[in-house]
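Going by my numbering, 1438 is the number at position 287 of the sequence shown; the sequence numbering is gapless. Backbone N, C-alpha and C fix where the C-beta goes; we use that ideal spot for every residue, glycine too.
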Amino acid sequence: MTGDLRPGTVPDAATARSLADAVPAEGHERTGVAVHVALHERAGPGAAMGAPAVADGAAVASRLRRWVGLLGGGDDDHAVQAASTSMAWWHVRTHLPGARPPAPPAPGGGGPLVRGDLAAPRPGALGEVLDAFVAGRQLRVVNYHSTPERLAHVVEEEVRDYAARYDVLGPAGLARLLGTGEWPGERPPLVVGLFDGFRNNATVALPALDRAGVTAWLHLPTGFLDAAPEDQPAVAVAHAVRVAPEEVAAGARLAMTWDEVAAAAERHAVGAHTATHTTAAAVADRAAVEREVVRPLARVAEVTGRPADAFAFLGGTPWDPASDAGRAVRDAGAAWWVSGLGYERLARR
């Protein structure tokens, strides 16, 4: 079972490191960034771990060990995210980094992507992820951010390619994969994410996905969408939402409308990505949890007519059921916690 472009090859250490360096170098305006993540659910009342499902899990786990070694990383979550992203770029991504000139810097752009939650790396992540991969609980994921009109042809090509090589899953497909341990198709499962609620996701990415018959997962920083159009450039700069400079220059609306979100929810998964595009480390008290977790989840539920399909912090922090934020997401009925290491089911539907 493989839908990967380069299934049998592993680059040398220099190439692997150049791929790892290309993640922050490209910034947020780029073609889809691929990553391998674990699919899991905590043990508890009524919660059973899925049986082996994806046939190449052991091979992907072995591959990840190699990539961690190539990058000289350890077993913490930051190192695993760097290795799994670089590995997926090499094996999954349609276009390798460097294939086209970098886009001009967007307002508020520049600098590396946020890794982890800006706190200390958490050890033990490598073993957890490898165990899930070996058991077949693993996904390929491709995440998009801004998809401006000048990249429409690239997005269209990539989406068609991923649809041909993978079975692209929405919430029902993920639940089946985790809950039954069965995957009947010959193509590996893949998830497509759209982060940050850009208007060009509604005008460029979603139409391309719909034409390809692909379900996406929208991760929305609700404060960006709530801002008046004239305020959105300032909101984007203040909260590290990297927008296309030509859209700012044109005075165009930068964020999706909630009507567009409601329409997208008829076909696609919709989740909250905090209110202000922030990290878990910044949500340190109950007031912050209310502002960045509870209200965004309620806003998504109000617009879509169902509990949020997912929640994600900036930086991809794994779920902590002992934290106020972790409990708030679970109590709100969000089905999945999305992190840089995996998709974790919180609620069964």
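Every beta strand (DSSP E) stretch that sits fully inside the segment 1339–1385 and reaches 3 residues is listed by chain position as 1340–1346, 1367–1371. In this model, H1191 and G1493 are separated by some 7 Å (Cα to Cα). In this chain, the alpha helix (DSSP H) harbouring Y1313 covers 1303–1316.
A residue is called buried once 16 or more other Cβ atoms fall within 10 Å of its Cβ, and G1491 is buried on that count. In the three-state scheme derived from DSSP, where H, G and I count as helix and E and B as strand, E1495 is classed as strand. DSSP places L1221 inside the alpha helix (DSSP H), whose first and last residues are 1208–1222. Contact annotation: R1500 and A1483 have beta-carbon atoms that are not nearer than 9 Å.
A direct Cα-Cα distance of roughly 12 Å separates R1350 from V1399. With respect to V1412, L1448 sits apart: the two C-beta atoms are not nearer than 9 Å. Annotation for A1323: the continuous alpha helix (DSSP H) segment containing it runs 1322–1331.
In the structure shown, T1160 falls within a coil segment according to DSSP collapsed to helix, strand and coil. With respect to the 9 Å criterion, G1422 and V1444 are not classified as neighbours on the basis of their beta carbons. In the DSSP secondary-structure assignment, Q1289 is bridged to A1189.
The closest CA to that of A1395, considering only R1362, E1453, A1426, H1296, is found on H1296. Nearest neighbour of T1373 by Cα position, chosen from A1387, A1185, E1308, turns out to be A1387. Spatial neighbours of L1281 in its own chain (CB-CB distance under 6 Å, excluding positions within 5 residues in sequence) are listed in chain order as A1212. In this structure, E1309 and G1183 form a Cβ contact; the two beta carbons are roughly 6 Å apart against a cut-off of 8 Å. With respect to D1475, R1437 sits close: the two C-beta atoms are nearer than 9 Å. If you draw a straight line from the Cα of A1283 to the Cα of L1328, it comes to about 13 Å. When the Cα atoms are used, L1215 and A1406 turn out to be separated by approximately 36 Å. Under the three-state reduction of DSSP output, T1455 falls in the helix class.
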